[in-house]
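J.: Residue numbers for the sequence shown, in our numbering: -5 to 185.
Starting off with a structure, shown below.
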Amino acid sequence: MVMTRYALEDFVGDMQELVATRPSQDQLFDRGSVYLERLIRNPDALPEEFQRPSGTGKRANHGSYALHRSEGLFVSAVVWGPGDRIGPHDHKTWGMIGVMGNAIEETRFRRVDEHDEYVKLEQDRSVLVKPGDVSLLIPEIDEIHAMNNPSDRPTFEIHVYGKDLVGLERYRYDLETGLVKRFASDKFDNC
Ligand SMILES: [Fe+2]
């Protein structure tokens, strides 16, 4: 018997079915992370052109490629070139990040104090997320992170969100000043 590998279409189909059942957050992460683990363990899941930084524009050493967009489900490939990093930001939707190639240093933060435009963040933990691992973004509870690729090779990942990130109002945090900045991307170049 020929076993076919779990491909992006299989994953999207399973996730769409799951989302349609209106699962609780726990059910969503329980099932969804099993699906995503299966997907990222298939080395053919991501075409090679989505495993490299874009090489153009303001963030040439980064890559963000939309793979699927539908109501309640957004899937993308994200590439961090050598030394590529991003400061703390939130997501305002549930998310799952599965690392496929190399590794990413992910630092999580929590809000410990806030007033008007200033927020004090405290570092919660820093983890080196490796191929085959999935990390979860839990809205309001555990969704502020910074990412860094300290290595000399690109890291590539599959990201899954409950909302389309284009136009979604989110926040960036400045660790030094405590200033919080509202942002919404008008095109897909973020994660
Ligand atoms: Fe993020």
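Even glycine gets a Cβ: it sits at the ideal position worked out from N, Cα and C.
Tell whether a beta-carbon distance below 9 Å holds between A140 and I91.
T.: no
J.: Flag M141 as yes when its Cβ comes closer than 8 Å to any non-hydrogen atom of ligand 1, and as no otherwise.
T.: yes
J.: Helix, strand or coil for Q45? Go by DSSP, reduced to three states.
T.: coil
J.: First and last residue of the beta strand (DSSP E) that includes F103?
T.: I98 to H109
J.: Can you tell me whether S18 is buried or exposed? The criterion is at least 16 other CB atoms within 10 Å of its CB, across all chains shown.
T.: exposed
J.: Output yes or no for whether 9 Å exceeds the beta carbon distance between S70 and E100.
T.: In this structure, S70 sits away from E100, with a CB-CB distance that is not shorter than 9 Å.
J.: Can the beta-carbon of S58 be found less than 9 Å from the beta-carbon of N184?
T.: yes
J.: For L131, which of helix, strand or coil comes out of DSSP?
T.: strand
J.: Run the proximity test for L131: is its beta-carbon closer than 8 Å to any non-hydrogen atom belonging to ligand 1?
T.: Yes, the Cβ of L131 comes within 8 Å of a heavy atom of ligand 1.
J.: Quick check on DSSP: helix, strand or coil for A71?
T.: Of the three classes helix, strand and coil, the one that applies to A71 here is strand, per DSSP.
J.: Among all the DSSP beta bridges, which residues are the ones paired with S120?
T.: T101
J.: Starting from R164, trace the beta strand (DSSP E) in both directions and tell me its first and last residue.
T.: R164 to Y167
J.: Taking E108 as the reference, give the member of R32, L40 and L173 with the closest Cα.
T.: L173
J.: With distances taken from CA atoms, which of K175, R35 and L30 is nearest Y112?
T.: K175
J.: Does the separation of the CB atoms of W88 and L130 fall below 9 Å?
T.: yes
J.: Using beta-carbon positions only, say whether D182 and V73 come within less than 9 Å of one another.
T.: Looking at the sequence provided, one finds Phe at residue 182 rather than Asp. For F182 and V73, no; Cβs fall outside 9 Å.
J.: Could you pull the start and end residues of the beta strand (DSSP E) that S58 belongs to?
T.: H56 to S64
J.: Anyone know if the C-beta pair for G75 and P47 falls short of 9 Å?
T.: In this structure, P47 lies closer than 9 Å to G75 by Cβ.
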